[in-house]
Structures are given as structure tokens and as C-alpha cells.
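For the record, in the sequence shown the residue sitting at position 7 is 7 according to the UniProt record's numbering, with numbers rising by one throughout.
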Amino acid sequence: MELTRALTAAPDAPAALRAYDRARRPATQRLVRTARLMNRMAHARRLPGLRNAAMRTAMTVGGALG
1 MELTRALTAA
11 PDAPAALRAY
21 DRARRPATQR
31 LVRTARLMNR
41 MAHARRLPGL
51 RNAAMRTAMT
61 VGGALG
């Protein structure tokens, strides 16, 4: 949807792609940060009870991505 909007509004393809990148980058960076954190939590060896509770909470609060 964002790409269609950018392509329609921009005068040319490079400008549209720059606009698309500006619009999507914050969400994709947030997704990458969250994935890294979840990976660290999933592989934590210390405090497994706390790790498991945090993972359950993250899955409940975050739900499905998309």
C-alpha cells in the first residue's frame, strides 16, 4: 500500500523509492530491534524462569506481527 502511494505521488521511480523508504524504515527498524531482543531472551542461560515469563508476556502482548 505504501509503495503504491509513493509511486503514485512521486514524479519518478527514484523519488518514489526514497519516499517509500522514509515511510517504512521506522517500522522495519523497530521489527529488527524486537527480533534481536527476542533472540537474546530466547537464548538466555541465566534465570530461565524469568526468561520464560518474559517470553510468554512478549508473545501475549505482541501477538502476531503484521
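The C-beta atom is built at its ideal place from N, Cα and C for all residues, glycine as well.
Here the structure is a predicted model, which means the values were calculated and not measured.
In the three-state scheme derived from DSSP, where H, G and I count as helix and E and B as strand, MET1 is classed as coil.
DSSP, reduced to helix, strand and coil, places ALA44 outside both helices and strands of the structure shown, so it counts as coil. Cβ atoms of ALA19 and ALA27 stay farther apart than 8 Å, at about 15 Å. Our two residues, ASP21 and MET59, have alpha carbons roughly 28 Å apart in a direct line. With contacts defined as CB atoms closer than 8 Å, MET41 and ARG51 qualify as a contacting pair.
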